[in-house]
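In the numbering used here, the protein residues as written are 15 to 113.
Glycine included, each C-beta is placed from N, C-alpha and C at the ideal position.
Written out below as structure tokens is the structure these notes cover.
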Amino acid sequence: MKQQGGWQNHSGADFVGAPIWDVWTMIRELDPKHIGMCFYISHSTLEGRLSWPVQARLMEPFYVAVYLKDFYWRKTRRAGSRWCAHSAKAQCSAASSRI
Numbered sequence: 015m016k017q018q019g020g021w022q023n024h025s026g027a028d029f030v031g032a033p034i035w036d037v038w039t040m041i042r043e044l045d046p047k048h049i050g051m052c053f054y055i056s057h058s059t060l061e062g063r064l065s066w067p068v069q070a071r072l073m074e075p076f077y078v079a080v081y082l083k084d085f086y087w088r089k090t091r092r093a094g095s096r097w098c099a100h101s102a103k104a105q106c107s108a109a110s111s112r113i
């Protein structure tokens, strides 16, 4: 049985691979047939805003999967913005109130 590992990026300060450069540094010399990237465009956008296409091109040779999620930026009373997925508005409201 042939298997291929895939690293999924996830936004957040506590995650290795939140910035795509982390993952690229770890797997760049490995064979993409054995380990690759499950590239999550939404989380890449959260980490780098408009630079996600650059990150996508960097990881393209390693693609195992590409994930999409529709979301929008939501202003909060505190500094900055939070994001919410359209399919989970109720969850986002609850999560945003805890942050």
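Cβ contact (3+ pairs, closer than 8 Å) linking the region 37-46 and the region 56-66: Taking 8 Å as the limit for Cβ pairs, the verdict is that the region 56-66 does not touch the region 37-46.
His24 versus Leu72: straight-line alpha-carbon distance, rounded: Against the sequence shown, residue 24 aligns to sequence position 10. Against the sequence shown, residue 72 aligns to sequence position 58. Answer to the nearest angstrom: the Cα atoms are 16 Å apart.
Residue range of the unbroken alpha helix (DSSP H) whose run includes Gln22: Numbered from 1 along the sequence shown, position 8 holds the residue referred to as residue 22. For Gln22, no alpha helix (DSSP H) encloses it; the enclosing beta strand (DSSP E) starts and ends at 19-22.
Proximal residues to Pro75 (C-beta, below 7 Å), its chain only, five neighbours per side dropped: Along the sequence shown, one-based indexing puts residue 75 at 61. The answer, listed in chain order, is Pro46.
Residue range of the unbroken beta strand (DSSP E) whose run includes Gly50: Stepping through the sequence shown from its first residue, residue 50 is reached at position 36. Note, Gly50: beta strand (DSSP E), 49-54.
Same chain, Cβ closer than 7 Å to Ile34, five either side skipped, listed in chain order: On the sequence shown, residue 34 is found 20 positions in, with the first residue counted as 1. Same-chain partners within the cutoff: Asn23, Ser58, Gln69, Leu72, Met73.
Reference Gly26; option with closest CA among Tyr77, Phe85, Leu60: One-based indexing of the sequence shown puts residue 26 at position 12. It is Leu60.
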